[in-house]
Amino acid sequence: MAKAISIRLDERVLRDLEELSKSTERSRTFLINEAIKTYIAEYGDYRVALDRLLDKDDELISGSELRSRLGL
25 MAKAISIRLD ERVLRDLEEL SKSTERSRTF LINEAIKTYI AEYGDYRVAL
75 DRLLDKDDEL ISGSELRSRL GL
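As numbered in our numbering, residues 25 to 96 make up the sequence shown, in order.
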């Protein structure tokens, strides 16, 4: 079930959103919802990568070592 929220946008962001909405024939709500879903998914990937990078016990290998291990 969808729920309503209220947000404040910078004028420039709102203008860009309006232009995109018109050019894609999609509602602002649709575009905002898609942008938030994408951000959440990408942020999750970012956190995993950052956590692995900061893990002192996680082995770091070079690209050439990775290819070698994969037999490429």
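All residues carry an ideal CB built from backbone N, CA and C; glycine is no exception. Computed from a predicted model, the values in this text were never measured in an experiment.
Under the DSSP assignment, A59 falls in the alpha helix (DSSP H) whose first and last residues are R52 to L78.
CA-to-CA, the gap between R93 and D82 works out to about 16 Å. Non-local C-beta neighbours of L41 in its own chain, meaning closer than 8 Å and more than five positions away in sequence, comprise L33, R52, L55 and I56, ordered along the chain. Under the three-state reduction of DSSP, L84 is assigned to coil, being neither helix nor strand.
In the displayed model, E49 falls within coil according to three-state DSSP, outside both helix and strand.
The alpha-carbon separation between Y67 and V37 amounts to approximately 21 Å.
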